[in-house]
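Engineer: Residue numbers (UniProt numbering): 1 to 99. Glycine included, every Cβ here is placed at the ideal spot set by N, Cα and C.
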């Protein structure tokens, strides 16, 4: 069973603010990006997580192995102005099997 984009974002917000798990929140936000890459809400949530939980977010994507980690890492690199790294992470997404 797959979750809708709005369901993924709702869970991401709960995990980020009430659940105390920025990594889990990022996983749901990245899943929402996969569902609708044009919707800015998922990206805004990742940017907010980076501002409020920078260390946890960096650790969650430091050694990506899952699809969501590559998606989140790519966007975080983009936010940092590291376009080459962002492009490299995004290109890797094609090589990572979805789970």
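1) Let me know if residue 83 comes out buried or exposed under the rule of 16 or more other beta-carbons within 10 Å of its beta-carbon.
2) Note down the Cα distance separating residue 42 from residue 22, rounded to an integer number of angstroms.
3) Please list the terminal residues of the continuous alpha helix (DSSP H) segment that includes residue 82.
4) Between residue 86 and residue 4, what straight-line distance do the alpha-carbon atoms span, to the nearest angstrom?
5) Nearest-angstrom Cα distance between residue 88 and residue 17?
6) Kindly give me the distance between the Cβ atoms of residue 71 and residue 30, rounded to whole angstroms, as I take these residues to be in contact under 8 Å.
7) So residue 26 packs on residue 46, CB below 8 Å; how close in whole Å?
8) DSSP on residue 106, reduced to helix/strand/coil?
9) Could you give the DSSP three-state label for residue 48: helix, strand or coil?
10) Run through DSSP, which three-state label would residue 1 get?
Structural biologist: Quick look at the numbers:
1) Along the chain shown, one-based indexing puts residue 83 at 83. Looking at its Cβ environment, which holds fewer than 16 other Cβ atoms inside 10 Å, residue 83 is exposed.
2) Here the question's residue 42 lines up with position 42 in the chain shown. Here the question's residue 22 lines up with position 22 in the chain shown. Approximately 14 Å between the Cα atoms of the pair.
3) Indexing the chain shown from 1 puts residue 82 at position 82. From DSSP, residue 82 is part of no alpha helix (DSSP H); its letter is neither H nor E.
4) Looking up residue 86 in the chain shown gives position 86. Looking up residue 4 in the chain shown gives position 4. Going by the C-alpha atoms only, they are around 26 Å apart.
5) Along the chain shown, one-based indexing puts residue 88 at 88. Along the chain shown, one-based indexing puts residue 17 at 17. The straight-line gap from Cα to Cα measures roughly 30 Å.
6) Locating residue 71 in the chain shown gives position 71, counting from the first residue. Locating residue 30 in the chain shown gives position 30, counting from the first residue. Indeed they touch by this definition, with Cβ atoms about 4 Å apart.
7) In the chain shown, residue 26 corresponds to position 26, counting from 1. In the chain shown, residue 46 corresponds to position 46, counting from 1. Confirmed, about 6 Å.
8) The first residue shown for the chain is 1 and the last is 99, placing residue 106 beyond what the model contains.
9) Translated into the one-based positions of the chain shown, residue 48 becomes position 48. Here residue 48 sits in helix by DSSP.
10) Residue 1 sits at position 1 when you count from the first residue of the chain shown. Legend: pLDDT at residue 1 = 38, less than 50; position of this residue unreliable, value from coordinates given subsequently. DSSP places residue 1 in coil when its eight states are reduced to three.
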